[in-house]
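Visitor:
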Amino acid sequence: MIMALLILAHPYYAQSIANKTIVSELVKTYPDLEVRDIFQLYPDYKIDVSAEQKALLRHDTIILQYPMFWFNMPAILKLWFDEVFTYQFAYGSQGDKLKDKKVIISMTVGQKEADMVNDRENLADSFLKAVQYSIQYTQMQLSATYLLYHVSPLSGNPESKIKLEAVEHGHKVLKHLTEA
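Per full-length UniProt numbering, the sequence shown starts with residue 1, numbered consecutively.
1. Should GLN65 go down as buried or exposed, given a rule of 16 or more other Cβ atoms within 10 Å for buried?
2. For SER93, is the classification buried or exposed, using 16 other Cβ atoms within 10 angstroms of its Cβ as the cut-off for buried?
3. From LYS161 to PHE39, what does the alpha carbon distance come to, in whole angstroms?
4. Please go through the segment 28-54 and give each complete beta strand (DSSP E) segment of 3 or more residues, from N-terminal end onward.
5. Would you mind reading off the limits of the beta strand (DSSP E) that contains VAL109?
6. DSSP three-state label for GLN132, please.
7. Ends of the alpha helix (DSSP H) at ALA166?
8. Are the Cβ atoms of LEU26 and ILE2 separated by less than 9 angstroms?
9. Would you mind sorting GLU179 into buried or exposed? The rule is 16 or more other CB atoms within 10 Å of its CB.
10. Determine the closest residue to LYS20 out of LYS175, GLU165, LEU177, GLU83, with distance taken between C-alpha atoms.
11. Taking DSSP as the reference, what is the three-state secondary structure of LEU8?
12. My output table needs one value for ASN118: the three-state DSSP class, helix, strand or coil.
13. Locate the alpha helix (DSSP H) running through ILE76, then write down its first and last residues.
14. Please classify SER16 as buried or exposed, where buried requires at least 16 other C-beta atoms within 10 Å of its C-beta.
15. Nearest-angstrom Cα distance between ARG58 and ALA130?
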């Protein structure tokens, strides 16, 4: 079985419908999945770099699970990258500790997909480039990217539909994880 780590970065996880459903589905069907809720672990934003690096080293595959916030990742996930992906650990002449680890991006977006597209590009895809480049720069392999749109009840999507789509999304991530 693949050793998988899920980095959960959602500052409002208790109120989340989609992210909570996705994580619940993954944990239920992949019991060896280690979940690190970095907002719960570090509400003061003081990341334990050593603990996070050790967690990364223990696993073959990393799942990044988070909502899009204002066309970006939550601040704590950005800080996690800044603090944990250190010189000579994640990059540099001897910074190959993450080399060949697989990464799955699983991101939720409150808006409808159609609302995220302009004449030139899908804005969510454009935003993801920074994360994808970070993965590439640290010699990890982007294994898959899964986006789940229209997950905010404020956008008129009923909670029951959000949950159903989140379960399906979780199954896609799980299928990719088990077939990788």
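Note that CB positions come from ideal geometry on N, CA and C, so glycine has one too. Owing to the predicted nature of the structure, the values given are computational and were not obtained by experimental measurement.
Guide: Well, looking at it:
1. buried
2. exposed
3. 26 angstroms
4. 34-37
5. No beta strand (DSSP E) contains VAL109, which DSSP labels as neither H nor E.
6. helix
7. 159-179
8. no
9. exposed
10. GLU165
11. strand
12. coil
13. 75-84
14. buried
15. 25 angstroms
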